[in-house]
Amino acid sequence: MKNLSRLQIFIKAPAQLGLKAVYHYATYQMGLRSGFFQACTPAPDADKIQTQIPKNPRSLLQLPSPNELRDVLGGALPTLLQTADSLVDGKFHLFGGDLKPLDLSPHAPALHWSQYERGKLTVDGDIKFIWEPARFGWAFTLARAYHLTADSHYSTAFENYLNQFTQENPAYLGPNWTSGQEAGLRILALCFVYQIFSASTTISPTLLQAIRVAVAVNAMRIPPTLAYARAQRNNHLISEAVGLYTAGLFLDGYPQARKWRQIGWKVFNQAINDQISADGTYIQHSNNYHRLMLDEAIWMAAIAKNAEINLPESALKKLALATRHLYEMVDLSSGRVPNLGHQDGSNILPLAVAEHLDYRPVLQAAGRLFLGEEIFPAGQWDEKALWLHIPQQPVKSVPPSSAVRLNSSNGWASLRAVRFHARPAHADQLHVEIWHQGQNLALDAGTYLYNAQPPWRNALQTTRVHNTITIDGLDQMLPAGRFLWLDWAQASIISTTPTSITASQDGYQKLGINHERTLIRTADTAWEIADRLTARSNSQKHIFTVHWLLPALPFQVHDTCIDLQNGDSDFHLSFTNDTGLPGELDLLRGGKHIHGHSNLDPLVYGWFSPSYGTKNEALTILYTIRCETPLTITTRWNLSK
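Residue numbering for the sequence shown follows this note's numbering, starting at 253 and increasing by one per position.
Here's what the structure looks like:
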């Protein structure tokens, strides 16, 4: 399908995104292009700030004792210290992946941030690789290690990094100041570090003063461009609100602190009520961003409670819904969740020793705080709740379940069926996940990169790489930009039983075709997925393709059946249809055709991105048939073979 013209987008976008979002975005663009933002965010007067900030900021958290932390960490303590030692040596886990050099230089001219936003200046490569280290997420690890050991190597490393950032990124100059969200996230890390360092008698007053000034400078960056965050109506707004409230509470007595608290508190609570739906779904339709939102809410609730302030009941109810919704998607044995929607590698509150994809730390803390429940048994994932002074709660023993999830004794499966009330992330209606013994067998490809040369410019958001049906190679929705879909495909749940879920989606009504899918647990280790395609007229042939993404396992093909070897066990996939016509089977791995005769472009197939900037080889299985409707295609998974 041809890309939409600018005129078509101009006509469609306001109607589908909402006039309020368009208004805020237009306001932001006017401020940007008129030079207003450049005028109202000049280089701050550091000397003036130093004379105005309180020398003894408010304590935000009641810190646990080193012994309490050791009890929770158990055998994970060496891992924490090893990670901190890597930071001392100049390396960090980029996006939770492999160790990379920790470089806080943007390698770009130190000119006003608005010049980058206007496109007058650009950075080499993907800006997220510049932003990620500048979020200071690594600082949580250095501070935790220092609190446990009092080893000055950790505090010295932080001081060196802070000095490097300040020198390489003068206030409001360069790409690390283009986003208010990035400033908000730095505030959380800086305030956490200060809580720990200020309790020590060996930390220099100069370092503590530098942290206080940095908090103020970052907070001052946020208010002028809140219109952009309001236009985005997503994590940007929550991050900026939490950053402002944190700075305002921390720097109590600073001239702007009260205003920051007021703005942050109001905007945060409005955003939580707006961005979390009645079923707990987060507005961005991304599990990674869902975690980011919950982490910020946990932090906000914790520091407010320490100041003897409680979140409003309306916000607490929404956060309880959001916690339960995320819990309904967790794999209990691994702590992982489906790789749903945008996966940008964010882990903005890394206060536990856990893999990047392990959601137990956030769910345990959120469960205690917003549900009054202990979701998981005691473990090293309790560290986050301990740091935030969130007390233990009664144990929850009910396994996760929802209208779109079926459990078995060995695993579970889910069927994605949502009604969008805000812009979708991926064109992924009726995507199916299958998990077996803690392993994700039917995968969501993830994201990989937002900013790259074709084909890797957010390429994994399309329908064709999700575990669903594609018709005539078209997406379920109209692509109108790198992060923008129009004419949203809507899904409805038709029926549920203890062993089945049936739903439909209307993304192919543009072709006159309705897609209905049933997920059935046929045995404890067997699943069946039936796709029914019906149309108003049966006179035209279409190309129907079922896509499955699996780990890159050894396989053998027998006609339209595949045997796969998974460690010490095998499992089996098979495809049938009810037309009597033969279907074609294609397999791709790592962007290359390895079985079949299709002439499709293979580059984006056969990849799995567990976190941002990383893509691993996976196995794409495509079953294609060209015929008229009605048509039923059935995929059978037998995991006990």
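Backbone N, C-alpha and C define an ideal beta-carbon position, used for all residues, glycine too.
Residues near residue i in its chain [Cβ-Cβ closer than 6 Å; skip 5 each side]
i    : result
N521 : P564, A567
A572 : F622, L623
Q757 : Q681, L682, A741, A743, H767
M253 : At M253, the pLDDT of 44 sits below 50, so the modelled position is not reliable and the matter cannot be decided from this model.
T886 : A782, T828
G283 : F289
P316 : L638
Q527 : I535
Y857 : L840, T872
I846 : L839
Buried versus exposed, by CB contacts within 10 Å (16 or more), residue i
i    : result
P602 : buried
K867 : buried
Q267 : The sequence given here places Ala at residue 267; Gln does not occur at that position. That one is exposed.
D547 : buried
R510 : exposed
Y875 : buried
N319 : exposed
K570 : buried
D696 : buried
A898 : What the structure shows of the chain is the stretch from 253 to 893, and residue 898 is not part of that stretch, so it cannot be assessed.
H577 : buried
T454 : exposed
I835 : With the sequence shown as reference, residue 835 is identified as Gly, and Ile is not the correct amino acid for it. When all chains shown are included, G835 counts as buried.
R734 : exposed
I561 : exposed
R612 : buried
Residue i, enclosing beta strand (DSSP E) - first and last residue
i    : result
R878 : 868–879
K844 : 844–847
R232 : Within the shown structure, residues of the chain are numbered from 253 to 893, placing residue 232 beyond reach of any answer.
I723 : 721–723
E780 : 778–787
K343 : 343–345
K352 : 351–353
S338 : Counting along the chain, S338 falls outside any beta strand (DSSP E), though it belongs to the alpha helix (DSSP H) covering 329–340.
Simplified DSSP assignment, three categories, for residue i
i    : result
W740 : coil
V798 : strand
E194 : Missing from the structure shown is residue 194; the chain here goes from 253 to 893 and no further.
R464 : helix
M253 : Its pLDDT being 44, under 50, M253 is placed unreliably by the model, and nothing is read from it.
G733 : strand
D822 : strand
Q691 : strand
I524 : helix
Y700 : coil
Y534 : strand
W708 : coil
D815 : strand
A665 : strand
Q757 : strand
F672 : coil
Beta-carbon proximity list for residue i, same chain, < 8 Å, skipping 5 on both sides
i    : result
S752 : L658, T770, L771, I772, R773
V656 : S666, L667, R668, A669, I745, I753, A755
D610 : S586, G587, R588, W633
Contacting residues, own chain, Cβ-Cβ under 7 Å from residue i (five flanking each side not counted)
i    : result
G698 : N591, Q595, L712, F860, S861, P862
A336 : T393, L394, A397, Y406
L544 : N487, S598, I600
H364 : Q290, Y424, L425
Run of the alpha helix (DSSP H) containing residue i, from where it starts to where it stops
i    : result
A617 : 612–618
V494 : 487–502
F622 : Per DSSP, F622 belongs to no alpha helix (DSSP H) and is neither H nor E.
S366 : 365–369
H577 : 565–579
V809 : From DSSP, V809 is part of no alpha helix (DSSP H) but of the beta strand (DSSP E) over 807–810.
T303 : 298–304
Min CB distance residue i to chain C below 8 Å
i    : result
A273 : The structure shown contains no chain C; it is built from a single protein chain.
Query raised in the report: Taking one C-beta from the stretch 870–886 and one from the stretch 787–806 each time, how about it: are there three or more such pairs within less than 8 Å?
Result: yes
Query raised in the report: Per the contact definition of three or more C-beta pairs closer than 8 Å, is the stretch 605–625 in contact with the stretch 725–739?
Result: no
Query raised in the report: Is the number of C-beta pairs between the stretch 319–326 and the stretch 497–517 that are closer than 8 Å three or more?
Result: no
Query raised in the report: Would you say the stretch 402–422 touches the stretch 350–361, given that touching needs at least three Cβ pairs under 8 Å?
Result: yes
Query - Contact the stretch 491–506 vs the stretch 630–645: 3+ CB pairs below 8 Å - result: no
Query raised in the report: Would you say the stretch 444–464 touches the stretch 289–309, given that touching needs at least three Cβ pairs under 8 Å?
Result: yes
**Report entry** Stretch pair the stretch 829–837 + the stretch 657–673: three plus CB contacts closer than 8 Å
**Finding:** no
Query raised in the report: For the 8 Å Cβ check, are there 3 or more pairs between the stretch 296–304 and the stretch 433–444?
Result: no
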